[in-house]
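Asker: Residues -17 to 57 (my numbering) are what the sequence shown spells out, left to right. Quick one: the structure is below, questions incoming.
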Amino acid sequence: MLITFEIAKFLQAKLTASTMLAKAKTKKEYKKLMAEMLSSMNFESEDEKSSVSSIKTLDLADDTTSVTITKIKKK
-17 MLITFEIAKF LQAKLTASTM LAKAKTKKEY KKLMAEMLSS MNFESEDEKS SVSSIKTLDL
43 ADDTTSVTIT KIKKK
């Protein structure tokens, strides 16, 4: 049952993200929305306060954008 719930939760989040990104009228606006969504993601962690997250975007030559999400646990 938990797996089914997690899949449903993922599909709902995917639909919400697609709907939000479809509203972007320019590439700059799309990237801004993407960054906002990624930074607001709920990264599950045993101790959320002991970790650092960073999000970097890079425009590629083929008119796509690479997104790197890094999560580092503080010692």
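The beta carbon of each residue, even a glycine, is placed where N, CA and C say it ideally should be.
(1) Comparing alpha-carbon positions, which option in ASP41, ILE54 and LYS53 lies nearest LYS13?
(2) Return the bridge partner residues of SER0 from the DSSP annotation.
(3) Run through DSSP, which three-state label would GLU47 get?
(4) What is the DSSP secondary structure of LYS38, counted as helix, strand or coil?
(5) What is the DSSP secondary structure of ILE(-11), counted as helix, strand or coil?
Answerer: With the given structure in hand:
(1) Nearest C-alpha to LYS13: ASP41.
(2) According to DSSP, which records beta bridges pairwise, SER0 is partnered with nothing at all.
(3) Residue 47 is actually Thr in this sequence, not Glu. Reduced to three states, the DSSP call for THR47 is strand.
(4) If DSSP states are grouped into helix, strand and coil, LYS38 belongs with the strands.
(5) Residue state for ILE(-11) is assigned as helix, using DSSP reduced to three classes.
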